[in-house]
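Everything in the sequence shown is counted per my numbering, starting at 190 for the first residue and increasing by one. Each residue gets a CB set at the ideal place from its N, CA and C atoms; glycine is no exception.
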Amino acid sequence: MARSLKAVLTHLLLASGAFLSAMPFLWMLTTALKPESALYQPPLLFPTHFEWANFVKAWQAAPFPRFFLNSAVMTVGIVLAQTLFSAMAGYAFARMRFAGRDLLFFGVLGTMMIPFPVTLIPSFLVVNALGWIDTYNALIIPRAVSAFAIFLFRQFFLSLPRELEEAALMDGAGRLTIFFRIVLPLSTPVIAASAIFSFLFAWNDFLWPLLVTNSPDMRTVQVGLAMFQGQYGVFWTLLSAAATIVTLPAILAFLAAQRQFIAGITHTGLKE
């Protein structure tokens, strides 16, 4: 009896937390389905009339197909670059011995404590000096390395048995061969975890794309959402409809890789 009561209370607590977490998304979706005239009328949460045309109006109010293309190119580039470079760096920190390895690793971790505004102006000056303003280079290359992803890969590689690599070394395989043909195929969980974090970071990034892009042809979806905020008000129904469309890729990406994501996060703490 006590165990059943505890299980019920646990499920109630988890359900309450899940509802509170989903509440902002539910509010966004219901606002997107309301007519503008019913926005501030009760019932505030559930609309009595569903205005599906808001999604069409939001899509046509700005060049969102171009915004989606720019965000997709930027996100794919950042995910691929961060996954490859972070995996290589994490493998070096986990398996290779060289002078100053641990000190360098702690230095990499230390960069995670530097606030983004501190590096914002130097990064912009470098990008501007290279002539990359309003290009994909400015959107992708400054975000091609992630200290957090390096940490994830390093911790995961520490949990892999060394015997596999030692056997490959005895057979004459080099470090790159071992890395690409043995280590990476075994690293699907941490690759998925790193890719999800990179995807969410890149897809939701607003400030950096706003700074390094000038023309509408290079804007991303997050910058495009700001177009619904006018000088004298905000078009809440259209903004919510556009935000719903923009949020869907991130939700679908997480649902598609949630098992690998959870497994990758779990394995990163097995060894120190």
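With a cutoff of 9 Å on beta-carbon distance, Ala-278 and Ala-247 are scored as not near each other. Val-262 is positioned such that its CB atom lies no closer than 9 Å to that of Ser-387. Within the same chain, Cβ atoms closer than 7 Å to the Cβ of Lys-223 are found at Pro-236, Glu-240, Thr-426, the five residues on either side in sequence being excluded. Residue state for Gln-418 is assigned as strand, using DSSP reduced to three classes. One thing to note: Asn-243 has its Cβ no nearer than 9 Å to the Cβ of Arg-408.
For Val-410, DSSP assigns no beta-bridge partner whatsoever.
Counting along the chain, no alpha helix (DSSP H) covers Asp-394, and no H or E run does either. In the DSSP assignment, Val-423 is bridged to Gln-418. The C-beta separation of Asp-323 from Ser-404 comes to about 6 Å, placing the pair in contact by the 8 Å criterion.
Of the candidates Ala-251, Trp-397, Phe-342, Arg-370, Trp-397 places its Cα closest to the Cα of Leu-314.
Relative to Tyr-325, the option among Val-265, Gln-230, Val-297, Arg-370 whose CA is nearest is Val-265. Of the candidates Leu-309, Thr-272, Thr-436, Leu-414, Thr-272 places its Cα closest to the Cα of Ala-336. If one requires a minimum length of 4 residues, the alpha helix (DSSP H) runs lying completely within the stretch 217-268 are 242-250, in chain order. Each of Phe-417, Ala-227, Gly-206 was checked against the Cα of Ala-432, and the nearest Cα belongs to Phe-417. Ile-310: member of the alpha helix (DSSP H) spanning 305-318, first to last residue. DSSP places Phe-287 in the coil class of the three-state scheme, outside both helix and strand.
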